[in-house]
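Trainee:
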Amino acid sequence: MYEKTGYLAEVMICGGNKNSIFYALADCLSLQPEVSGAVWTRQPDMPNARLMPEATLLPDGTVLFTNGMGWGQAGGNAGETNYAANPVFPTDLYNPVTNNWTTVGQSTIIRSYHNGAILLADGSVITTGSEMGNYLDFWGTYFPQNLPEAAFFNTTGVAKSNCFPDNRNINCTYPYTMAIEQFTPSYLVSGQRPVLVSLPEGTKFTYNSTIGLQFDSTGAPVTRITFLRYTTTTHSTNTYQRFIEPILLFVNSTYAVVRIPPTGHIAPPGNWHIFGISASGIPSISVTALFGTGDATSVPIPGKSSSLHVGLALAVIIGAALVVF
Numbered sequence: 001m002y003e004k005t006g007y008l009a010e011v012m013i014c015g016g017n018k019n020s021i022f023y024a025l026a027d028c029l030s031l032q033p034e035v036s037g038a039v040w041t042r043q044p045d046m047p048n049a050r051l052m053p054e055a056t057l058l059p060d061g062t063v064l065f066t067n068g069m070g071w072g073q074a075g076g077n078a079g080e081t082n083y084a085a086n087p088v089f090p091t092d093l094y095n096p097v098t099n100n101w102t103t104v105g106q107s108t109i110i111r112s113y114h115n116g117a118i119l120l121a122d123g124s125v126i127t128t129g130s131e132m133g134n135y136l137d138f139w140g141t142y143f144p145q146n147l148p149e150a151a152f153f154n155t156t157g158v159a160k161s162n163c164f165p166d167n168r169n170i171n172c173t174y175p176y177t178m179a180i181e182q183f184t185p186s187y188l189v190s191g192q193r194p195v196l197v198s199l200p201e202g203t204k205f206t207y208n209s210t211i212g213l214q215f216d217s218t219g220a221p222v223t224r225i226t227f228l229r230y231t232t233t234t235h236s237t238n239t240y241q242r243f244i245e246p247i248l249l250f251v252n253s254t255y256a257v258v259r260i261p262p263t264g265h266i267a268p269p270g271n272w273h274i275f276g277i278s279a280s281g282i283p284s285i286s287v288t289a290l291f292g293t294g295d296a297t298s299v300p301i302p303g304k305s306s307s308l309h310v311g312l313a314l315a316v317i318i319g320a321a322l323v324v325f
């Protein structure tokens with residue numbers, strides 16, 4: 001969401017499949033639900049079809065797609081890895097401004113059912129989880145053939161038949177994946193970062209308030225401020241994830257003034273990352289503030305005495321990869 005466009009939300013859903021024994025879809029559709037007569041619009045396909053993906057909003061407004069499988073369905077008890085196959089290792093980046101995709105990395109860990117992905121304060125992303133770590137015990141290979149004809153509970157010819165349906169044999173692989181991977185976006189290796197001055201622990205900003213943010217002059221100059229909410233992710237759904245870019249009411253080399261969104265409908269109450277972004281698109285390490293209700297406050301804008309005006313924002317929601325801009 002962007003303040004300059006009135007916090008207009010756009011939802012995009014990508015991937016999934018049409019049947020539990022089909023290959024994953026690559027297509028994406030978007031909708032602006034608050035627009036009268038809104039209809040779903042086809043968007044460019046993902047570079048890599050996947051079901052059970054994770055979509056993570058980044059500080060610069062792009063969306064990182066990780067994890068997931070290329071065939072099957074989400075579901076099953078821990079270790080029932082026969083429900084999905086063809087792990088998707090490539091990492092894809094969607095830019096909602098240019099409306100295009102780029103493949104930007106390669107994972108090394110199978111992330112099937114119960115996977116997750118979370119944005120960190122430094123702008124990197126960690127991928128976690130999956131309860132199908134015994135994938136190769138069943139399939140024997142990362143990319144088995146003739147998948148549309150596979151039977152979910154047919155254990156004939158599986159790599160370790162003694163591991164199904166009971167995987168507690170000493171020779172069976174533990175299904176829960178504990179390993180964490182960290183993805184470093186290219187913006188973190190592209191030059192100097194802005195440096196935001198830390199806020200006191202427990203800082204709270206009330207809705208519709210104007211706030212001042214300080215930067216260290218040794219960092220790159222800030223040309224944008226973005227807010228990203230702390231998140232809760234499970235089952236390929238990030239229930240709180242949201243990106244908001246306020247209008248810069250004032251900015252110089254060491255200070256900026258922006259407005260907190262007017263309501264909790266736009267910016268749900270809770271902890272938020274606040275990032276400073278350079279002209280090259282490089283984010284600072286975030287500072288944290290609690291957004292919530294209360295009396296609106298204001299800070300003076302250097303060189304101005306007139307009242308301030310409200311602006312716009314953007315959001316993203318994720319499911320089978322559902323995203324709200």
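Position 283 of the sequence shown, counting from 1, maps to 283 under UniProt numbering, and the rest follow consecutively. Positions of the beta carbon are idealized from the N, C-alpha and C atoms, including for glycine. All figures in this text were calculated on a predicted structure; none of them were measured in a lab.
#1: If we define contact as Cβ-Cβ less than 8 Å, is Asp216 a contact residue for chain B?
#2: For Val97, count the other beta carbons within 10 Å of its own beta carbon; 16 or more makes it buried, fewer makes it exposed. Which is it?
#3: Indicate whether Ala289 and Thr226 have their beta-carbon atoms separated by less than 8 Å.
#4: Identify the residues that DSSP records as bridge partners of Cys14: which are they?
#5: Along the alpha helix (DSSP H) that carries Asp45, what are the first and last residues, could you check?
#6: At the level of alpha carbons, what is the spacing between Leu312 and Met69?
#7: My parser needs the alpha helix (DSSP H) runs of 4 or more residues fully inside the region 224 to 268; what are they?
#8: Looking only at its chain, what residues have a beta carbon closer than 7 Å to the beta carbon of Leu249, apart from the 5 residues adjacent to it on each side?
#9: So the alpha helix (DSSP H) Phe275 belongs to, where does it begin and stop?
#10: Going by the DSSP bridge assignment, what does Ala55 pair with across the sheet?
#11: In angstroms, rounded to a whole number, what distance separates the CA positions of Gly37 and Asn82?
#12: I need the DSSP call for Val197, collapsed to helix, strand or coil.
#13: Can you tell me where the beta strand (DSSP E) holding Tyr94 begins and where it ends?
Mentor: According to the data block:
#1: Going by chain labels, chain B is absent from the structure shown, which holds only one protein chain.
#2: Translated into positions along the sequence shown, residue 97 becomes position 97. Classification of Val97: exposed, given that the 10 Å Cβ count is below 16.
#3: Residue mapping note: residue 289 aligns to position 289 of the sequence shown, counting from 1. Residue mapping note: residue 226 aligns to position 226 of the sequence shown, counting from 1. Against a cut-off of 8 Å, the Cβ pair of Thr226 and Ala289 comes out as no contact.
#4: Your numbering for residue 14 matches position 14 in the sequence shown. Partner(s): Cys28.
#5: Translated into the one-based positions of the sequence shown, residue 45 becomes position 45. Neither: Asp45 is in no alpha helix (DSSP H) and is coded neither H nor E.
#6: Locating residue 312 in the sequence shown gives position 312, where the first residue counts as 1. Locating residue 69 in the sequence shown gives position 69, where the first residue counts as 1. For Leu312, the predicted structure reports a pLDDT of 31, less than 50, and the residue's modelled location is therefore unreliable. The matter cannot be settled from this model.
#7: none
#8: Residue numbering aside, residue 249 sits at position 249 when the sequence shown is read from its first letter. Leaving aside the five residues that flank Leu249 on each side, the residues in its chain whose CB is nearer than 7 Å to its CB run, in chain order, Thr210, Val257, Val258, Arg259, Ile301, Leu308.
#9: Within the sequence shown, residue 275 is the residue found at index 275, counting from 1. Not the alpha helix (DSSP H): Phe275 falls in the beta strand (DSSP E), residues 270 to 278.
#10: As a working mapping, residue 55 is identified with position 55 in the sequence shown. BP columns for Ala55 point to Phe65.
#11: On the sequence shown, residue 37 is found 37 positions in, with the first residue counted as 1. On the sequence shown, residue 82 is found 82 positions in, with the first residue counted as 1. If I take the Cα positions, the gap works out to 42 Å.
#12: By one-based count along the sequence shown, residue 197 stands at place 197. Looking at Val197 - three-state DSSP - the assignment turns out to be coil, as it is neither helix nor strand.
#13: Counted from its first residue, the sequence shown places residue 94 at position 94. Start and end: 90 to 95.
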